[in-house]
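*Asks:* Sequences listed follow chains A and B, in order. Take the first sequence: its position 96, counted from the start at 1, is 97 in this note's numbering, and no numbers get skipped. Take the second sequence: its position 2, counted from the start at 1, is -12 in this note's numbering, and no numbers get skipped. Built from N, CA and C at the ideal position, the CB exists for glycine as well.
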Amino acid sequence: MTLSAFRQDLRVLFLTFEITLKMIAVDSFVLFGILIQPLIIAVLAIWMLTPKDPTQAIFVVIGSGMTGLWSTLLFIGGNSITRERWTGTLESLVAQPTPLSYVIFGKNLASVLQSLLSMLASYALAALLFDLELRIVQPLPFAVSIVLTVFSFVCFGLILAPVFLLNPAVQQWQNAMEFPVYILAGFLFPIALLPGWTTPFSYLLAPYWAARALHATANGSATPQELALSWGMMALFGTLYLVFSRYLLRVILRKARADATLGLE
Amino acid sequence: MKAIEVEHLRRVFRTTIGVLRRTVKNVVAVDDISFDVAPGELFGLLGPNGAGKTTTVKMLTTLLIPTGGTARVLGEDVVQRADRLRGRIGFIFGGERGLYWRLNGYDNLRYFASLYHVEPETSKKRIPYLLELVGLTDRAKEKVDGYSRGMKQRLHIARTLLHDPEMLFLDEPTIGLDPVGARELRQVIRGLQAEKKTILLTTHYMFEADALCDRLGVINHGRIIALDTPAGLKRHVLDLSVVEIDVFGMPAEALGRVRALPFVDTVSVENVDQKQVLHVQTPQGSAAVPGLMETLSGLRLGKVVVREPTLEDAYVRLVGGEA
Chain A
2 MTLSAFRQDL RVLFLTFEIT LKMIAVDSFV LFGILIQPLI IAVLAIWMLT
52 PKDPTQAIFV VIGSGMTGLW STLLFIGGNS ITRERWTGTL ESLVAQPTPL
102 SYVIFGKNLA SVLQSLLSML ASYALAALLF DLELRIVQPL PFAVSIVLTV
152 FSFVCFGLIL APVFLLNPAV QQWQNAMEFP VYILAGFLFP IALLPGWTTP
202 FSYLLAPYWA ARALHATANG SATPQELALS WGMMALFGTL YLVFSRYLLR
252 VILRKARADA TLGLE
Chain B
-13 MKAIEVEHLR RVFRTTIGVL RRTVKNVVAV DDISFDVAPG ELFGLLGPNG
37 AGKTTTVKML TTLLIPTGGT ARVLGEDVVQ RADRLRGRIG FIFGGERGLY
87 WRLNGYDNLR YFASLYHVEP ETSKKRIPYL LELVGLTDRA KEKVDGYSRG
137 MKQRLHIART LLHDPEMLFL DEPTIGLDPV GARELRQVIR GLQAEKKTIL
187 LTTHYMFEAD ALCDRLGVIN HGRIIALDTP AGLKRHVLDL SVVEIDVFGM
237 PAEALGRVRA LPFVDTVSVE NVDQKQVLHV QTPQGSAAVP GLMETLSGLR
287 LGKVVVREPT LEDAYVRLVG GEA
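1. Report the residue from H149/B, G242/B, A126/B, M45/B whose alpha carbon sits nearest the alpha carbon of R74/B.
2. Grab me the residues of A212/A's own chain with a C-beta within less than 6 Å of its C-beta, minus the 5 sequence neighbours each way, in chain order.
3. What ranges does the beta strand (DSSP E) occupy inside the segment 168 to 213 of chain B, keeping only unbroken runs of at least 3 residues that lie completely in it?
4. When you compare the CB of M120/A with every CB in chain B, is at least one pair closer than 8 Å?
5. Could you tell me whether the Cβ atoms of N94/B and V120/B are closer together than 8 Å?
6. Go ahead and label R136/A buried or exposed: buried means 16 or more other beta carbons lie within 10 angstroms of its beta carbon, across all protein chains shown.
7. Tell me D22/B's beta-bridge partners as DSSP assigns them.
8. Closest to L16/A by CA distance: which of S29/A, L110/A, Y183/A is it?
9. Indicate whether E128/B and G84/B have their beta-carbon atoms separated by less than 8 Å.
10. For E92/A, collect the residues of the same chain with a Cβ closer than 6 Å to its Cβ; drop the 5 residues on either side in sequence, then sort them by chain order.
11. Does any residue of chain B have a CB that is nearer than 8 Å to the CB of L16/A?
12. Is the segment 225 to 238 of chain A touching the segment 37 to 44 of chain B, taking contact as three or more C-beta pairs under 8 Å?
13. In terms of residues, what are the limits of the alpha helix (DSSP H) holding R267/A?
14. Along chain B, which residues have their Cβ under 8 Å away from the Cβ of Y179/A?
15. Can you pull out the residues from the segment 165 to 196 of chain B whose beta carbon lies closer than 7 Å to at least one beta carbon of chain A?
16. Counting only Cβ-Cβ distances shorter than 8 Å, please list the residues of the segment 80 to 95 of chain A near chain B, keeping chain order.
17. If G158/A and G78/A are in contact, beta carbons under 8 Å, what's the gap, nearest whole angstrom?
18. Counting only Cβ pairs nearer than 8 Å, list the residues of chain A close to D93/B.
19. Looking at C-alpha atoms only, which residue of V64/B, V253/B, R7/B, G55/B is the closest neighbour of A240/B?
20. When DSSP labels each residue in this structure, what does M236/B get in the three-state scheme?
21. With a cut-off of 8 Å, does the C-beta of L101/A fall near any C-beta of chain B?
22. Who are the Cβ neighbours of V13/A in its own chain at under 6 Å, not counting the five residues just before and after it?
23. Can you check whether the C-beta of S109/B is within less than 8 Å of a C-beta belonging to chain A?
24. Give the single residue among F154/A, A96/A, F60/A whose Cα lies nearest to the Cα of L133/A.
25. Could you tell me the boundaries of the beta strand (DSSP E) in which E352/B lies?
26. Should A24/B and M153/B be called a contact, given that it needs their Cβ atoms to be closer than 8 Å?
27. Per DSSP, what kind of secondary structure is Q139/B in: helix, strand or coil?
28. Is the beta carbon of D17/B closer than 8 Å to that of R0/B?
29. Suppose the cutoff is 6 Å on Cβ atoms and the five residues either side in sequence are ignored; what does the same chain contact list for R245/B look like?
30. Should V252/A be flagged as near chain B, meaning a C-beta pair shorter than 8 Å?
31. According to DSSP, S227/B sits in a beta bridge with which residue or residues?
32. Determine the contact status of G312/B and I161/B, defining contact as a CB-CB distance below 8 Å.
33. Expressed to the nearest angstrom, what Euclidean distance is found between the alpha-carbon atoms of K138/B and D259/B?
34. Beta-carbon of R12/A versus every beta-carbon of chain B: anything under 8 Å?
35. Using beta-carbon positions only, say whether L74/A and S119/A come within less than 8 Å of one another.
36. With 16 as the cutoff for other CB atoms within 10 Å, does A6/A come out buried or exposed?
So, in structure tokens, the structure goes:
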């Protein structure tokens, strides 16, 4: 690929990001996933956890925000190709010179960044409604963790979207995939509370390493070794997803062209 | 070099029937077709619904992989060199879908321009020009959701011209448009023709094909059954006349009786409001009228006209009255 073509593909990525933001800003389903559902989870978690230990408030805020992040990725990012197919734009996207992975990356980036609002909403709820003291103890490492979280989530979406397009049977399990990740990734309580045999599954999830880094940097328990491990795992998983998604997309688009499933007619 | 070279192209769709005992059924949509199109030519593919026109266009625009045969567009194989070809062609499929309805017309064009690697400086000039060309300048900042079908179709035209493609595929571009919208769109197509763009147009409107196309391929049941200029196709029916009879309520068995008459070549029926217009192609001209009247006796009939055949009649004869 020439430098000029790469620059043009990057321009597509950022324009996709802008266009997607415009479209999802008025989507009530997205707003529910980003704002309402995480707020409900935050209220329940605050009632359950903070009377025993008010210092858990920041854990709750971050955890409920991450539920919004995961739900948005699962439903909006996961459906990013399928939705194009429903609206009849998938054929136009496939029959143009920009690789589809740039388009999906831009769409997922918009969804994931917008879903960070759920963390802000949970923060505002805990601070204003419950009058809880909220403090990020290690702000700079926290910011780096957020950036890596966004990267690993966006790349995870690059895998979900083609898998859902290829196999509608998997998509039927979309709802069932929401809560297990909340639990296995330790969004709302530490995975140490789960049976030991579930731990390897948690380790295989980039959201687990994201939650671990964000919780630790928020409460100030993140050691340099801890940060190196969590950040390294997020970068590793993100890169693996990115590389694998290129192969997956190529295979799936060829299959869709062979099976005549790019359009709905 | 030809703009399009199609050799023995074939596409079979595999479908399954039943839930418990599933049987696989193969449907041949395009069956061993061959044709070519010269640079700058406006080539039409004519055929009834389900004849294989859209399937052919989808294979030529890299959206569908052929089951057999080869196709090259602008010298590039549509399967092996799809990536190189995509930036050089543009396409429109009839209908309203394929646009982002929650965005305005301008943003739709801006986005598709970037997908086709049009430099921002170029798009800033080209988008207003194309909006003007398709008559959407005043509505460009409105959401596509509120556009009429014709406006969406015109936006599709603008979209496909953003990267100034060398070759255009227009699949029934005027379908569903009102007469004024369809006429405006045909004017745009004539303009593109004047710019020496190579165009492949599919349609089942004969007058459109007659007015626009340099050459026509008639496709039916996935096979090309005639390939000629509009004038050449009309010669297929020079020996015939057409008797048109208005019938108010046409039973199937009466139609069968007409088709069975020895002096009748082809029959087609067109529904117009409350009546059916019977188009009977016959070598006997007005001499066939008494025999037809006798066969249709007992039915409520309207006016009867005998006229010279048109391209549409040639088409009807070729597809055996299925149009």
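*Replies:* So, to answer that:
1. Out of H149/B, G242/B, A126/B, M45/B, H149/B has the C-alpha closest to the C-alpha of R74/B.
2. M67, A186, G187, F188
3. 184 to 189, 201 to 206
4. no
5. In this structure, N94/B sits away from V120/B, with a CB-CB distance that is not shorter than 8 Å.
6. exposed
7. E(-9)/B
8. L110/A
9. no
10. In its chain, beyond the 5 residues on either side, L263, G264 have a beta carbon closer than 6 Å to the beta carbon of E92/A.
11. yes
12. no
13. Since the displayed chain A opens at 2 and closes at 266, residue 267/A lies outside it and no answer follows.
14. Residue 179/A is actually Glu in this sequence, not Tyr. Result: empty, since nearest Cβ-Cβ is about 25 Å, beyond 8 Å.
15. If you check each beta-carbon in the segment 165 to 196 of chain B against every beta-carbon of chain A, none falls closer than 7 Å.
16. T88, G89, T90, E92, S93, L94, V95
17. 3 Å
18. I20, K23
19. V253/B
20. Three-state DSSP puts M236/B in coil, outside helix and strand.
21. no
22. T99, Y103
23. Not one chain A Cβ lies under 8 Å of S109/B.
24. F60/A
25. Nothing about residue 352/B can be reported from this structure: the residues present for chain B run from -13 to 309 only.
26. no
27. helix
28. In this structure, D17/B does not lie closer than 8 Å to R0/B by Cβ.
29. V253
30. no
31. T268/B
32. There is no way to answer for residue 312/B, as the model of chain B reaches only from -13 to 309.
33. 28 Å
34. yes
35. no
36. exposed
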